[in-house]
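Participant: Pasting in a structure now, in structure tokens, and then I'll have a few things to ask.
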Amino acid sequence: MPKIRKSWRVMPENIPLKKELSNSLGISDIIAQVLVNRGIMDKSIAEEFLFGGQEKLGDPYLLKDMEKAVSRIVQAITNQQKMIVYGDYDVDGMTSSALIYKVFTKLGGNIQYYIPERQSEGYGLNSVALETLIASGTELLITVDCGISAIDEVKAVANRLDIIITDHHEPAQYLPVAHAIINPKQRECSYPEKNLAGVGVAFKLCQALWQYYYDNDEKLLEYLDIVAVGTVADIVSITGENRILVKLGLTEIAKTKNIGLKELMEVCRIDANKIDTGKIGFAIAPRLNAAGRISRADYGVELLITEEVERAKELALYLEGENSQRQVVEKNIQAAAEDFIAQIDLNVTKVLVVVGEDWHSGVIGIVASRLVERYYRPVIMVSIRDGIGKASCRSIPAFDIYDALSQCSDILLQFGGHHQAAGLSILPEHIEELRARLNQIANTTLSQADYIPVLTIDSLVSLNEINANFLEQLSCLEPYGMGNQSPIFACKSVEVKDIRTIGQEARHLKLKVSQENITNDVVAWQMGGLAENLQDKEKVELAFFPEFNEWQGKRKIQLRAFDVKQVELTDLERLYLLHKNDAKLRNYSPECFLYADKVISAANEKQQDNWVLKDVRHIADKFSYLLDVVKQQEKTLIFVNTPYEAFTLAARLRECLPSYKDQVGFYHSGLNEEWKNKVQAWFRDDILKVIFTTTLFIKEGLKFDHVGHTMLYSLPFTMQSFLQQCWGGMNTTQSPYIHLLFNNEDIASNHLLLQQKNPERIVVGQIYLVLKQVRSEVTDSQIVEQVRSKYQVAISEASVRTAVKILEELELIQCVISGVEREILILPTPKEKLDIEQSTTFCLGMNQNDEFVKFAEKFMKLSSNELLLAIKGNNV
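Note that this note's numbering has the sequence shown beginning at 1, numbered continuously upward.
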């Protein structure tokens with residue numbers, strides 16, 4: 001299946017609001033715009049988002065039942081009653097369990113932990129475990145990250161075991177009858193932050209207890225290292241209080257005293273001083289999760305609470321091995337799932353219900369997420385074992401999977417979860433009905449647009465805006481995560497270089513991109529498949545987040561790509577791209593004397609009367625004048641002296657007037673016949689309004705209707721060339737304007753062009769001496785470098801071409817051409833001294849130089865009236 005193309009949504013720029021935030025908070029316009037994009041438009045809210053700290057943590061006693069819970073726990077601590085923290089086997093559950101254990105132990109409690117085994121016991125409270133715990137003398141049980149739906153299990157142990165439920169999952173209509181329930185999402189709970197992770201809720205319980213025993217929270221903050229890990233791993237919104245908990249927690253991780261966390265970071269090769277949410281999400285969390293997915297989650301809890309260094313090392317290495325095993329299992333399950341999906345008609349199936357036997361329940365959630373990313377539709381991964389189907393569900397933003405499952409609850413044994421992630425149990429005979437009902441719900445609630453992933457772009461930027469200072473400014477938006485994703489910027493029209501794949505099975509893409517002489521590295525995870533479609537020097541649009549990449553002690557900016565869009569170029573854009581990369585363009589000779597034999601007759605008298613001469617010689621800013629003329633949207637022919645000028649001026653005009661870019665072309669002898677014919681047709685058919693051209697137009701006798709303006713941007717070299725440009729190209733009865741834009745600076749430019757085209761006697765001699773010393777297959781560019789190196793003389797390849805022709809005419813060398821290869825043979829030196837003026841080419845060149853000097857001196861003194869008379873065919 002081809003990669004699903006993303007739809008880009010560029011956020012509208014709110015200039016007044018971003019300026020207000022920028023000025024009042026002392027932040028950059030870019031940071032201010034990102035805040036506006038996230039709905040943060042008030043100064044006080046923005047201050048809290050950017051700078052909020054410990055003082056912004058909420059009062060834990062605002063949580064419903066908190067006082068009851070604290071009172072019961074204090075009683076247990078005082079009386080040394082046995083307490084159990086009952087957790088979950090994911091990272092949120094492990095960190096919650098470890099946090100409660102460490103804090104309650106610190107407060108003097110008699111506490112142990114219990115994590116159900118994923119495969120045999122499943123999620124949440126189970127009656128067998130509760131009975132076992134009661135038999136062992138447990139008097140108080142505190143759940144973390146589970147329990148809100150355990151109505152029957154709690155009821156079964158009523159009057160025999162006090163249970164305090166702390167959870168963050170969505171409560172159902174009816175709740176368990178527990179001693180206390182702490183869940184900010186339950187009805188009648190006034191706590192303002194509803195999106196805490198399970199470990200966040202556990203922290204609020206610890207905070208309330210800490211405040212009971214102590215006057216402040218200072219020492220409690222050292223446990224936020226664990227809280228940050230669980231909050232990030234559970235993918236809750238990193239906004240509000242979660243943002244503060246993670247922000248403070250990352251600071252604690254950098255100086256953590258937690259032995260197990262230190263050893264785990266060592267295994268992950270993470271520098272604690274450079275910890276961020278990405279390293280938690282992609283390195284620490286998967287290894288902790290591996291324990292719960294593959295073997296025993298209680299190993300993860302033990303790692304986080306142990307005080308023994310050797311045991312911590314042992315556990316960290318064990319989790320590393322489990323994670324490697326998890327990756328193998330995941331790969332095998334995904335391959336089986338892909339085979340299953342290959343049999344499904346994706347044109348009609350909107351919700352993928354994928355079924356397998358004995359798939360590991362700890363891994364199917366990861367695979368479901370990968371399938372959602374690949375197919376961009378809801379995925380239900382069902383593993384059947386012992387006659388029961390257990391599923392992990394992942395969804396797209398537009399489809400509320402928890403709500404959809406609620407509508408199918410009559411055929412489910414159990415279910416729970418969130419808007420985009422859920423779990424369920426089902427009898428195998430009901431799976432087909434579940435598939436049909438979920439697809440029916442999707443068909444009635446989703447539109448076709450809902451199946452196209454949307455990539456929100458915070459701002460369009462250019463590569464030259466991406467620098468170290470820019471990245472430093474961005475850091476104030478951290479920590480990133482759900483609800484506060486890292487900003488995404490987009491850069492259009494960047495050129496691709498150095499395309500390669502990296503990683504196992506070439507899964508990832510590595511590029512270099514450039515724009516206006518700025519080059520950056522790009523890494524695109526999971527986009528290795530794009531490599532075969534991209535071409536060197538191709539233009540693309542890039543959506544990315546800029547970050548620092550450190551390798552072998554060097555720190556460089558790297559763009560982490562979210563999307564790479566290939567741009568479908570028009571023929572005109574391809575023409576510009578080809579010439580932009582034409583290294584030989586600068587070396588083309590001036591096209592000024594090539595067509596001296598081409599005689600252009602003056603227009604008829606009726607046309608002559610209509611001509612209007614705009615003599616703006618000596619104008620200070622030629623290009624600005626040109627822009628004003630082009631904006632009139634009339635067909636315009638602009639003459640210059642060289643192919644390089646024709647291209648660079650056309651490209652500059654397109655850049656200055658983007659809305660006109662599809663109307664501007666160029667024409668010169670460097671174009672092949674195909675491109676010449678295309679440009680002629682575009683100008684003739686009014687597709688192009690503006691053409692920058694050399695006098696090649698004259699030689700080829702091209703004439704076009706409705707040319708409103710002829711502009712002589714560069715000073716011609718002869719009077720005949722001047723008249724050719726004024727008369728040539730027009731075939732019209734309307735009133736054409738002839739604009740003269742050249743000035744005295746053009747005289748110097750033309751002298752330089754002639755010097756390059758017609759090398760002087762001494763330069764020809766230097767080139768000859770170089771040819772005698774180098775190999776016969778030497779190229780023009782190599783000769784240029786040799787002359788520059790030996791004689792400190794600046795020449796061009798045009799100089800070399802003319803010199804070679806002169807030396808051939810003098811019979812000093814012989815050029816042997818074979819295909820595209822040229823060999824220069826040095827002939828025997830003549831006995832008699834040669835006169836270089838025996839070369840027709842040399843004499844013609846010197847005559848051209850002399851002719852231009854005389855022409856320029858006289859021409860620049862002519863008045864406007866005298867020039868108009870000349871244009872109309874009169875001698876001046």
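Virtual Cβ for every residue (Gly too), placed ideally from N, Cα, C.
Just the Cα atoms here: how many angstroms apart are residue 660 and residue 433?
Facilitator: Working through the sequence shown from its first residue, we reach residue 660 at position 660. Working through the sequence shown from its first residue, we reach residue 433 at position 433. So the alpha carbons of these two residues sit roughly 58 Å apart.
Participant: In whole angstroms, what separates the C-alpha of residue 579 from that of residue 667?
Facilitator: By one-based count along the sequence shown, residue 579 stands at place 579. By one-based count along the sequence shown, residue 667 stands at place 667. Rounded to whole angstroms, residue 579 to residue 667 spans 11 Å at the Cα level.
Participant: Do residue 329 and residue 360 come within 9 Å of each other at the CB atom, strictly closer than that value?
Facilitator: As a working note, residue 360 is residue 360 in the sequence shown. As a working note, residue 329 is residue 329 in the sequence shown. Going by C-beta atoms, residue 360 is nearer than 9 Å to residue 329.
Participant: So what does residue 124 bridge to, in DSSP terms?
Facilitator: Here the question's residue 124 lines up with position 124 in the sequence shown. Answer by DSSP bridge pairing: none, since residue 124 is not bridged.
Participant: State the CB to CB distance for the pair residue 649 and residue 627, rounded to an integer number of angstroms; the pair is presumed to be in contact (CB under 8 Å).
Facilitator: Here residue 649 refers to the residue found at position 649 of the sequence shown. Here residue 627 refers to the residue found at position 627 of the sequence shown. Incorrect: roughly 11 Å between the Cβ atoms, too far for contact.
Participant: Identify which residue in 637, 675, 691 has its Cα closest to the Cα of residue 662.
Facilitator: In the sequence shown, counting from the first residue as 1, residue 662 sits at position 662. Closest option to residue 662, Cα to Cα, is 691.
Participant: I'd like to confirm the pairing. Which residues does DSSP put opposite residue 369 in its beta bridges?
Facilitator: Mapped onto the sequence shown, residue 369 falls at position 369. None; residue 369 has no bridge partner.
Participant: Assuming residue 168 contacts residue 201 under a Cβ cut-off of 8 Å, what Cβ separation, rounded to an integer in Å, is found between them?
Facilitator: Your numbering for residue 168 matches position 168 in the sequence shown. Your numbering for residue 201 matches position 201 in the sequence shown. Yes, they are in contact, since the Cβ atoms of residue 168 and residue 201 sit about 5 Å apart, within 8 Å.
Participant: Taking the C-alpha atoms as reference points, what is the distance between residue 684 and residue 818?
Facilitator: As a first step, residue 684 is located in the sequence shown; it is residue number 684 there, counting from the start. As a first step, residue 818 is located in the sequence shown; it is residue number 818 there, counting from the start. Their backbone Cα atoms lie some 39 Å apart in a straight line.
Participant: Considering only residues of the same chain and omitting the five flanking positions on each side of residue 902, which have a CB-CB separation below 7 Å?
Facilitator: The shown model of the chain, from 1 to 876, leaves out residue 902, and the question about it has no answer.
Participant: Would you mind giving the Cβ-Cβ distance between residue 221 and residue 343, rounded to the nearest angstrom? I have them listed as a contact below 8 Å.
Facilitator: By 1-based counting over the sequence shown, the position of residue 221 is 221. By 1-based counting over the sequence shown, the position of residue 343 is 343. That pair is no contact at about 54 Å.
Participant: Once DSSP output is grouped into helix, strand and coil, what is the label at residue 890?
Facilitator: As displayed, the chain neither begins before 1 nor continues past 876, which places residue 890 out of reach and without an answer.
Participant: Among the candidates 674, 707, 722, whose CA atom is the shortest distance from the CA of residue 694?
Facilitator: In the sequence shown, the residue the question calls residue 694 occupies position 694. Residue 722 is the option with its Cα nearest to residue 694.
Participant: Thinking residue 82 and residue 137 are a contact (beta carbons under 8 Å), I'd like their distance in whole angstroms, please.
Facilitator: Here residue 82 refers to the residue found at position 82 when the sequence shown is read from its first residue. Here residue 137 refers to the residue found at position 137 when the sequence shown is read from its first residue. Yes, they are in contact, since the Cβ atoms of residue 82 and residue 137 sit about 5 Å apart, within 8 Å.
Participant: Residue 86 to residue 410, Cα distance in whole Å?
Facilitator: For the purposes of this step, residue 86 is identified with residue 86 of the sequence shown, where counting begins at 1. For the purposes of this step, residue 410 is identified with residue 410 of the sequence shown, where counting begins at 1. Approximately 29 Å, taken between the alpha carbons.
Participant: Which full runs of the alpha helix (DSSP H) of 4+ residues lie inside the stretch 168-234, going along the chain?
Facilitator: List check, alpha helix (DSSP H) in window: 198-213, 224-233.
Participant: Please say whether residue 510 and residue 524 have beta carbons closer to each other than 9 Å?
Facilitator: For the purposes of this step, residue 524 is taken as residue 524 along the sequence shown, with counting starting at 1. For the purposes of this step, residue 510 is taken as residue 510 along the sequence shown, with counting starting at 1. Yes, the Cβ-Cβ distance between residue 524 and residue 510 is below 9 Å.
Participant: Go to residue 802, then tell me how far its alpha helix (DSSP H) extends in each direction, as first and last residue.
Facilitator: Reading the sequence shown from its first residue, position 802 is the one you call residue 802. It spans 797-809 - the alpha helix (DSSP H) in which residue 802 sits, taken as one unbroken run.
Participant: Let's see if you can read the secondary structure: which residues bound the alpha helix (DSSP H) around residue 46?
Facilitator: Within the sequence shown, the letter at position 46 stands for residue 46. From DSSP, the alpha helix (DSSP H) with residue 46 extends over 43-51.
Participant: Skipping 5 residues on each side, what residues in its chain have a beta carbon closer than 6 Å to that of residue 390?
Facilitator: Position 390 of the sequence shown, counted from the start, is the residue given in the question as residue 390. 361, 383, 425.
Participant: When every heavy atom of the ligand NAD is checked, does at least one fall within less than 8 Å of the C-beta of residue 718?
Facilitator: Among the ligands in the structure shown, none appear at all, so the ligand NAD cannot be discussed.
Participant: Taking CB distances under 9 Å as the criterion, tell me whether residue 205 reaches chain D.
Facilitator: Within the model displayed, chain D is absent; a lone protein chain is all it includes.
Participant: Using only the alpha-carbon positions, how far apart do residue 561 and residue 52 sit?
Facilitator: Numbered from 1 along the sequence shown, position 561 holds the residue referred to as residue 561. Numbered from 1 along the sequence shown, position 52 holds the residue referred to as residue 52. Whole-angstrom Cα-Cα distance: 30 Å.
Participant: Can you tell me the Cα-Cα spacing of residue 821 and residue 631, whole angstroms?
Facilitator: The residue labelled residue 821 in the question sits at position 821 within the sequence shown. The residue labelled residue 631 in the question sits at position 631 within the sequence shown. If you take the alpha carbons of residue 821 and residue 631, they lie about 47 Å apart.
Participant: Give the straight-line distance between the Cα atoms of residue 749 and residue 738, rounded to the nearest whole angstrom.
Facilitator: Mapped onto the sequence shown, residue 749 falls at position 749. Mapped onto the sequence shown, residue 738 falls at position 738. Rounded to the nearest angstrom, the two C-alpha atoms are 22 Å apart.
Participant: Find the nearest neighbour of residue 239 within the set 7, 703, 46, judged by alpha-carbon distance.
Facilitator: Your numbering for residue 239 matches position 239 in the sequence shown. Of 7, 703, 46, the residue nearest in Cα terms is 46.
Participant: In terms of alpha-carbon separation, which member of 374, 407, 647, 370 lies closest to residue 392?
Facilitator: Counting from one through the sequence shown, the residue named residue 392 turns up at place 392. Answer by Cα proximity: 370.
Participant: With which residues is residue 479 paired in a DSSP beta bridge?
Facilitator: The residue labelled residue 479 in the question sits at position 479 within the sequence shown. In DSSP, residue 479 forms no bridge with anything.
Participant: Any idea if residue 873 is buried or exposed, counting beta-carbon neighbours within 10 angstroms, 16 or more meaning buried?
Facilitator: Here the question's residue 873 lines up with position 873 in the sequence shown. Flag for residue 873 reads exposed.
Participant: Can you tell me whether residue 306 is helix, strand or coil according to DSSP?
Facilitator: Taking the sequence shown and counting its residues from 1, the one referred to as residue 306 is at position 306. Reduced to three states, the DSSP call for residue 306 is coil.
Participant: Determine the extent of the beta strand (DSSP E) in which residue 821 is found, giving its start and end residues.
Facilitator: To locate residue 821, count along the sequence shown from 1; it is residue 821. 821-826 is the span of the beta strand (DSSP E), which, as asked, contains residue 821.
Participant: How many whole angstroms separate the CB atoms of residue 829 and residue 809, which I take to be in contact at a CB cut-off of 8 Å?
Facilitator: In the sequence shown, the residue the question calls residue 829 occupies position 829. In the sequence shown, the residue the question calls residue 809 occupies position 809. The pair is not a contact, with the Cβ atoms about 16 Å apart (cut-off 8 Å).
Participant: Cα separation between residue 237 and residue 482?
Facilitator: Counting from one through the sequence shown, the residue named residue 237 turns up at place 237. Counting from one through the sequence shown, the residue named residue 482 turns up at place 482. Taking the straight line joining both Cα atoms gives about 5 Å.
Participant: Below 7 Å CB to CB, which residues in the same chain sit around residue 65 once its five sequence neighbours on both sides are set aside?
Facilitator: Within the sequence shown, numbered from 1, the residue matching residue 65 stands at position 65. For residue 65, where only same-chain residues beyond five positions count, the Cβ hits under 7 Å are 180, 181, 182.
Participant: Roughly how many angstroms lie between the CA atoms of residue 304 and residue 262, to the nearest whole one?
Facilitator: Locating residue 304 in the sequence shown gives position 304, where the first residue counts as 1. Locating residue 262 in the sequence shown gives position 262, where the first residue counts as 1. About 9 Å.
Participant: Measure from the alpha carbon of residue 766 to the alpha carbon of each residue in 744, 792, 746, then state which is nearest.
Facilitator: Numbered from its first residue, the sequence shown carries residue 766 at position 766. Closest option to residue 766, Cα to Cα, is 792.
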